[in-house]
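The next block holds one structure in the form of structure tokens; read it before the comments.
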Amino acid sequence: RTLEPAWCLASPVSVSAMSELLDAFDDAGLVDGETRAFLVEALLNAEAADWADILEPFVSPIDAALAALRDVPGVLERSLRAMDRAAAEKEKEEEVSPLAEFFLKALPNGVLRSSGLHTIARCGQVCRAARVHCSEGALWESRLELLCARWSLPQPPPPTVGGVADAVASTWPGRYLSVLRPRCDGIYIGHCKFKRWVRLGHHQDLRKNAEQLAMKAGAGGGGEWLEYRRYVRLLPPDSVDGSLWALVLQDPCPRDAAEKVLIAGVDPRTHANPAKSEGVLGEGAVASASDPDRLRKRISVGRYTFTPEDSKVEVRYAAADGNFHLTFCLSHGGLRVCADRLTWEAYTMEDESSEVIAFNLGRLPDWKGGGLADDNKDHFPQMQFRPKVVAEHLC
2 RTLEPAWCLA SPVSVSAMSE LLDAFDDAGL VDGETRAFLV EALLNAEAAD
52 WADILEPFVS PIDAALAALR DVPGVLERSL RAMDRAAAEK EKEEEVSPLA
102 EFFLKALPNG VLRSSGLHTI ARCGQVCRAA RVHCSEGALW ESRLELLCAR
152 WSLPQPPPPT VGGVADAVAS TWPGRYLSVL RPRCDGIYIG HCKFKRWVRL
202 GHHQDLRKNA EQLAMKAGAG GGGEWLEYRR YVRLLPPDSV DGSLWALVLQ
252 DPCPRDAAEK VLIAGVDPRT HANPAKSEGV LGEGAVASAS DPDRLRKRIS
302 VGRYTFTPED SKVEVRYAAA DGNFHLTFCL SHGGLRVCAD RLTWEAYTME
352 DESSEVIAFN LGRLPDWKGG GLADDNKDHF PQMQFRPKVV AEHLC
């Protein structure tokens, strides 16, 4: 491939105002940079009598271009200088800074291997060269091997073209994301809600009492929706004994407050679980309460297991009111998301008398169409995964 002069690639729009000849080219629809450069150079080396013959194959009509050549002194030289200036400005804009060059060199030399999914995705959006480094097969193949070793999973086959999930299976990043395993780089969150009846004048908000009294004249009551969230954070295998710890929290506080406390974590071996972890929300558990100390006391610490054969995640923890057993089904939310769904399958408590109490999940069986058994309450919704950048190294 032959190298063209720099001004052959200049943008015609950026220089059209600097030359009457280039303006005439624009009016005639000649916008190709290489053709314009060829014409200017050919016209410079030709006699005036040959200008029309040179222009005719490329410019129609040629009257405006010929007029510029004949009536404007030095128009060819100014056109050439204008194209050179535009090319120089473009090269200056495209010049890679030393910092960017260092960044591109550092990416494949350890930066990506020590980064999490979020950082790799952000680096891949910087430029095309960075995207190539972030998609290298060797990078994702090594991460996939470590992932399978951590969760005792079989090594998936190399990427193949063709098949049902071709968009995922044809790349190493796709193979990595397709492996179903617990996510430890964030928190699984379920948004719960229920509707309760509030007698007229018995609302905690005095303003709402006044509005209802004025509207209903002191009779009846109304329904009120209450919302809270369930949180499950799964920790990676413990470096000491390989234990799989889980943090469970149920609270109506702002989501950001709960996430900060769960990401900061507690010592799983010394933490004391709350006296009552399920049922009526505890003292001080209101939507506006975000005290970190209160939230830490409401965290229940337990252990979890993951069974790849049936995609089951089971969490067990002990509290003063009994031993709890939570069973979820882990799944992908789509082809391009990874292990971001926890669906309730069972929730039981064993009390002091060894009686096992099964909580009603509020779901209709499949043969009845599925869905909520009561539209006025949903205490066990599907939990969605929220990744946290500060925990991306745990993915």
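Our numbering applies: residue 2 is where the sequence shown begins, and numbers increase by one. Glycine included, C-beta positions come from ideal geometry on N, C-alpha and C.
Item to check | Simplified DSSP assignment, three categories, for Pro388 | outcome: As a working mapping, residue 388 is identified with position 387 in the sequence shown. Strand at Pro388.
Next on the checklist: Going by DSSP in three states, Cys128 sits in which element: helix, strand or coil?
Outcome noted: Locating residue 128 in the sequence shown gives position 127, where the first residue counts as 1. Of the three classes helix, strand and coil, the one that applies to Cys128 here is coil, per DSSP.
Checklist entry - How about Tyr177 and Arg144: are their beta carbons less than 8 Å apart? => result Taking the sequence shown and counting its residues from 1, the one referred to as residue 177 is at position 176. Taking the sequence shown and counting its residues from 1, the one referred to as residue 144 is at position 143. It is a contact, given that the beta carbons lie within the stated cut-off.
Item to check | Exposure of Met384, with buried meaning 16 or more beta-carbon neighbours within 10 Å | outcome: To locate residue 384, count along the sequence shown from 1; it is residue 383. Classification for Met384: buried.
Next on the checklist: Within 10 Å of its beta-carbon, does Glu21 have 16 or more other beta-carbons around it, so buried, or fewer, so exposed?
Outcome noted: Your numbering for residue 21 matches position 20 in the sequence shown. Buried is the call here.
Checklist entry - To which residues of the same chain is Arg79 closer than 6 Å at the C-beta, ignoring the five residues directly before and after it? => result The count along the sequence shown starts at 1 and reaches residue 79 at position 78. Result list for Arg79: Ser20, in chain order.
Checklist entry - Who are the near neighbours of Asp379 in its chain, counting only those whose CB is closer than 8 Å to its CB and skipping five residues on each side? => result As a position in the sequence shown, residue 379 is number 378, starting the count at 1. Excluding sequence neighbours, Asp379 sits near Cys193, Lys194, Phe195, Gly363 and Leu373.
Item to check | Residues sharing a beta bridge with Tyr348, DSSP | outcome: The residue labelled residue 348 in the question sits at position 347 within the sequence shown. Looking at the DSSP assignment, Tyr348 forms a beta bridge with Leu327.
Checklist entry - Helix or strand or just coil, what does DSSP make of Val399? => result The structure shown has nothing for residue 399, since the chain only spans 2 to 396.
Next on the checklist: Excluding the 5 residues flanking Leu395 on each side, which residues of the same chain have their C-beta closer than 7 Å to its C-beta?
Outcome noted: The residue given as residue 395 occupies position 394 in the sequence shown. Closer than 7 Å at the Cβ level, and outside the excluded window around Leu395, lie Cys185, Asp186 and Pro237.
Checklist entry - If we count the other Cβ atoms within 10 Å of its Cβ and call it buried at 16 or more, is Ile121 buried or exposed? => result As a working note, residue 121 is residue 120 in the sequence shown. Buried, since its Cβ has 16 or more Cβ neighbours within 10 Å.
Item to check | Nearest-angstrom Cα separation, counted from Arg230 out to Ser351 | outcome: Along the sequence shown, one-based indexing puts residue 351 at 350. Along the sequence shown, one-based indexing puts residue 230 at 229. A small fix is needed here, since residue 351 is Glu in this sequence, not Ser. Going from the Cα of Glu351 to the Cα of Arg230 covers about 23 Å.
Item to check | Sub-8 Å separation of Leu343 and Val180 beta-carbons | outcome: Looking up residue 343 in the sequence shown gives position 342. Looking up residue 180 in the sequence shown gives position 179. No.
Checklist entry - What span of residues does the beta strand (DSSP E) with Lys313 cover, start to end? => result Against the sequence shown, residue 313 aligns to sequence position 312. Where Lys313 is concerned, the enclosing beta strand (DSSP E) stretches over Lys313 to Ala320.
Checklist entry - Taking the DSSP output, what are the residues bridged to Lys378? => result Taking the sequence shown and counting its residues from 1, one reaches residue 378 at position 377. DSSP output for Lys378 lists Phe195 as bridge partner(s).
Item to check | Check whether Leu250 and Ile300 have beta carbons under 8 Å apart | outcome: As a working mapping, residue 250 is identified with position 249 in the sequence shown. As a working mapping, residue 300 is identified with position 299 in the sequence shown. Closer than 8 Å, so yes.
Checklist entry - Exposed or buried, which one is Asn110 when buried takes at least 16 other CB atoms within 10 Å? => result On the sequence shown, residue 110 is found 109 positions in, with the first residue counted as 1. Classification for Asn110: exposed.
Next on the checklist: Check for me: the beta strand (DSSP E) holding Phe360 runs from which residue to which?
Outcome noted: Here residue 360 refers to the residue found at position 359 of the sequence shown. Per DSSP, Phe360 belongs to no beta strand (DSSP E) and is neither H nor E.
Next on the checklist: Check this for me: beta carbons of Pro382 and Gly191, under 8 Å apart or not?
Outcome noted: For the purposes of this step, residue 382 is taken as residue 381 along the sequence shown, with counting starting at 1. For the purposes of this step, residue 191 is taken as residue 190 along the sequence shown, with counting starting at 1. The answer is yes: Cβ separation under 8 Å.
Checklist entry - Is Val60 helix, strand or coil when you go by DSSP? => result Here the question's residue 60 lines up with position 59 in the sequence shown. Reduced to three states, the DSSP call for Val60 is coil.
Item to check | Cβ-based neighbour list, Tyr359, same chain, cut-off 6 Å, excluding 5 preceding and 5 following | outcome: Looking up residue 359 in the sequence shown gives position 358. Reading off the sequence shown, one finds Ala at residue 359, where the question assumed Tyr. Within the same chain, Ala359 has close Cβ partners Thr349.
Item to check | Length-filtered (4 minimum) alpha helix (DSSP H) runs lying within the region 247-275 | outcome: 256-265
Next on the checklist: Taking a contact to mean a Cβ-Cβ separation below 8 Å, would you say Ser61 touches Ala29 in this structure?
Outcome noted: Translated into positions along the sequence shown, residue 61 becomes position 60. Translated into positions along the sequence shown, residue 29 becomes position 28. Cβ atoms of Ser61 and Ala29: closer than 8 Å.
Item to check | Nearest to Leu235 (by Cα), restricted to the options Val316, Leu70 and Asp322 | outcome: Walking along the sequence shown from the start, residue 235 turns up at place 234. Ranking Val316, Leu70 and Asp322 by Cα distance to Leu235 puts Val316 first.
Checklist entry - Which residue's Cα is closest to the Cα of His326: Asp64, Thr306 and Leu148? => result Stepping through the sequence shown from its first residue, residue 326 is reached at position 325. It is Thr306.
Checklist entry - Residue range of the beta strand (DSSP E) that Gly303 falls in? => result Walking along the sequence shown from the start, residue 303 turns up at place 302. Ser301 to Thr308 is the span of the beta strand (DSSP E), which, as asked, contains Gly303.
Next on the checklist: Buried or exposed, going by whether 16 or more other CB atoms sit within 10 Å of the CB of Val133?
Outcome noted: For the purposes of this step, residue 133 is identified with residue 132 of the sequence shown, where counting begins at 1. Exposed.
Next on the checklist: Closest to Ala321 by C-alpha separation, out of Leu118, Asn46, Pro275 and Cys128, would be which residue?
Outcome noted: Counting from 1 along the sequence shown, the entry for residue 321 is found at position 320. Among Leu118, Asn46, Pro275 and Cys128, the Cα nearest to that of Ala321 is on Pro275.
Next on the checklist: Going by DSSP in three states, Val76 sits in which element: helix, strand or coil?
Outcome noted: Working through the sequence shown from its first residue, we reach residue 76 at position 75. In the structure shown, Val76 sits in a helix (DSSP, three-state: H, G or I).
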